[in-house]
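Following: one structure in structure tokens, then a few remarks.
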Amino acid sequence: MFDNLSSKFASAFSSLRGKGRLKSNDLAEICAEIKTALLDSDVAISVAQDFVNKIQDRSELVLEEINKSTNPSQAVFNIVNEELTSILGGLARRIRLAKNPPTVILLTGLQGAGKTSLAGKLAKYLKDQGNTPLLVASDLQRPNAVTQLQVVGESVKVPVFAPEPGNGVGDPVKVARDGINFAKDKFHNIVIVDTAGRLGIDEELMAQAKRIRDAINPDEVLYVVDAMVGQDAVRSAQAFQEGVGFDAIVLTKLDGDARGGAALSITQITGKPIMFAATGEKVSDFDLFYPDRMASRILGLGDIQTLAEQAKNAFDTDTTAKFEKKFAEGEDFTLDDFLAQLEAMKKMGSMTKLLGMIPGANSGAMKKQLEQFDDSELVKTQAIVQSMTPLERNDPKVLNGSRRSRIALGSGRQVSEVNSLVERFTQAQKMMKQMRTGKGGMQLPPGMQMPPGMPAPAPIKKQAPAKKKSRSGNPAKRALES
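Counting the sequence shown from 1 gives a position; the numbering used here is that position plus 2.
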């Protein structure tokens with residue numbers, strides 16, 4: 003979503019890096035470029051202007067110190083990073099749990115924002131943390147809304163309280179109230195109430211939302227916003243805040259190709275933090291919203307923390323321990339190990355998204371490679387490895403021509419693709435050995451691994467023995483040399 007904004011920020015700072023000493027007009031120029039980039043991304047004018055004013059004021063205040071630093075452009079970059087984190091909300095906000103369960107969460111927002119799907123994602127997120135959530139179907143107006151929530155609940159293995167069929171039948175306030183009582187009886191510690199949305203802000207929506215809010219006294223009221231809507235989302239949020247009120251914001255469809263202005267404007271205009279963000283269609287594409295990590299991604303610094311967390315969740319403890327032991331003891335990395343890693347990578351989601359978290363992913367060459375990457379390649383690669391026998395996976399050296407033809411036939415791929423995989427795997431094995439031993443035989447401490455992307459330690463060069471000088475044939479000169 004923020005690719006266009008990221009590239010414009012990168013362009014603005016590239017012009018600044020070439021200058022050894024910065025002047026006030028240099029700051030004014032980059033602030034003007036940043037403002038244009040924000041406005042092009044559909045950020046509210048007042049938010050964009052306030053943002054660049056803060057950057058310019060802070061930079062001007064410490065301009066002398068900035069110019070004393072070894073890298074003045076980096077000092078300005080750090081200020082932009084801090085202000086961008088601030089505009090996105092500063093610190094990550096978590097759900098306030100009730101002292102006496104259940105904790106009641108009320109979901110509100112306009113129709114089409116994705117509330118019902120979001121309810122399922124939130125339920126799964128909370129369930130994975132050891133909670134026992136209950137979904138309550140209080141959207142009784144939108145056609146098939148109750149059925150949709152039941153399907154969503156079944157997909158994440160979370161029960162749904164749905165005493166009314168919906169489609170205009172039933173009292174949503176009573177359903178919400180009865181849902182809380184049901185949760186208490188069945189010992190659910192969290193209740194998520196899905197409510198009706200409208201195509202626009204109107205009195206009926208406000209009145210119904212107020213009645214439900216007053217009836218169940220929620221611990222958190224979350225306003226669900228479609229991040230692709232732009233300025234309309236901000237205006238709707240303002241109207242809803244004035245009419246009903248909410249505690250935090252949830253962004254949906256953050257993986258879309260819109261300009262992303264809503265995400266950068268809504269917190270500043272409403273004064274409410276973004277708590278969660280949905281970044282895809284899968285129920286797992288959902289997490290806490292971290293302003294500092296989002297700012298880092300917008301500025302092209304990647305998001306290594308999120309990438310590391312997703313990897314930790316995908317790789318089970320036993321598999322990780324097994325790989326570490328093999329690495330430390332010098333055992334070869336086999337195609338069975340490779341297959342296990344492929345399975346874990348598939349759990350982590352789209353490889354394009356994951357690779358996009360690497361610093362510099364939005365730069366020219368790497369961005370083009372990511373755009374050309376096809377996630378189906380993982381499936382094809384997996385099929386090739388699964389078509390091999392245990393012996394072939396353990397020792398690829400036995401893969402002669404007939405074996406490779408059989409594997410290609412069994413996986414539905416071409417022999418050339420099998421050859422390419424084996425060649426790339428062999429190169430990966432060599433790289434693993436270099437990471438473990440270093441070039442020229444330099445050993446790393448037992449169990450220590452080189453960080454990804456870091457070069458192997460440089461080999462220790464042995465000093466060549468000094469050459470013996472030839473002795474002169476003149477007896478007088480030989481005497482002087484000795």
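A virtual CB, placed ideally from N, CA and C, is assigned to each residue, including glycine.
Here glycine 172 has Leu142, Glu166 as same chain residues with Cβ atoms under 7 Å from its own Cβ, once five neighbours each way along the sequence are excluded. Put simply, the backbone Cα of glycine 247 is about 33 Å away from that of asparagine 6.
For isoleucine 32, there is no enclosing beta strand (DSSP E); the residue is part of the alpha helix (DSSP H) that begins and ends at 26-42.
With respect to the 9 Å criterion, glycine 22 and proline 74 are classified as neighbours on the basis of their beta carbons. In the displayed model, methionine 277 falls within a strand according to three-state DSSP. Listed in chain order, the beta strand (DSSP E) elements of length 3 or more contained wholly in the stretch 98-169 are 105-111, 135-139. At least 9 Å separates the beta-carbon of valine 64 from that of alanine 34. Beta-bridge annotation (DSSP): phenylalanine 288 is paired with Ala280. In the three-state reduction of the DSSP assignment, valine 424 falls in the helix class, which pools H, G and I.
Under DSSP, glutamate 222 shares a beta bridge with Ile107. The way I'd put it, the stretch 223-239 does touch the stretch 35-52; three or more beta-carbon pairs between them come closer than 8 Å. Distance between glutamine 76 and valine 417, taken at the CA atoms: about 50 Å. The beta carbon of serine 267 lies closer than 6 Å to those of Val45, Ala46, Val49, Val236 in the same chain, with the five residues before and after it left out. Relative to the Cα of serine 140, the nearest Cα in the group Gly170, Lys435, Ser298, Glu156 belongs to Gly170.
Per DSSP, alanine 250 is one residue of the beta strand (DSSP E) stretching across 250-254. Residue environment: proline 145 is assigned as exposed (fewer than 16 neighbouring CB atoms within 10 Å of its CB, all protein chains considered). Segment contact: the stretch 110-117 against the stretch 91-102, fewer than three CB-CB distances shorter than 8 Å; contact not assigned.
Out of Ile192, Arg426, Ser17, Lys432, the CA that lies nearest to the CA of glutamate 333 is found in Lys432.
Counting other Cβ atoms within 10 Å of its Cβ, threonine 197 reaches 16 or more and is therefore classed as buried.
For aspartate 228, the beta-bridge partners assigned by DSSP are Thr254. Counted as a single uninterrupted DSSP element, the beta strand (DSSP E) harbouring valine 193 occupies residues 192-196.
The Cβ atoms of glycine 91 and threonine 383 lie no closer than 9 Å to each other.
Under the 10 Å beta carbon count, aspartate 130 is surrounded by fewer than 16 other beta carbons and is classified as exposed.
By the CB criterion at 9 Å, threonine 254 and aspartate 289 fall outside the cutoff.
Here isoleucine 300 has Phe4, Leu7, Ser8, Phe11, Leu86 as same chain residues with Cβ atoms under 8 Å from its own Cβ, once five neighbours each way along the sequence are excluded.
Apart from the 5 residues on each side of it in sequence, glutamine 58 sits with its Cβ closer than 6 Å to the Cβ of Leu29, Cys33 in its chain, given in chain order.
If you draw a straight line from the Cα of proline 103 to the Cα of serine 378, it is about 44 Å long.
Proximity to arginine 295 across Ile89, Glu62, Arg179 peaks at Ile89, based on C-alpha coordinates. Comparing C-alpha distances from glutamate 345 to each of Ala115, Gln388, Ala94, Ser119 shows the shortest one belongs to Gln388. If you look at phenylalanine 242, you'll find it in the alpha helix (DSSP H) that goes 233-245.
Bounds of the alpha helix (DSSP H) holding alanine 50 are 47-63. No residue range can be given for lysine 399, since it is assigned to no alpha helix (DSSP H) and is classified by DSSP as neither H nor E.
In this structure, the straight-line span from the alpha carbon of phenylalanine 15 to that of valine 381 is close to 39 Å. Lysine 212 and isoleucine 36 have their C-alpha atoms spaced approximately 40 Å apart. With fewer than 16 other CB atoms across the displayed protein chains lying within 10 angstroms of its CB, proline 392 is exposed.
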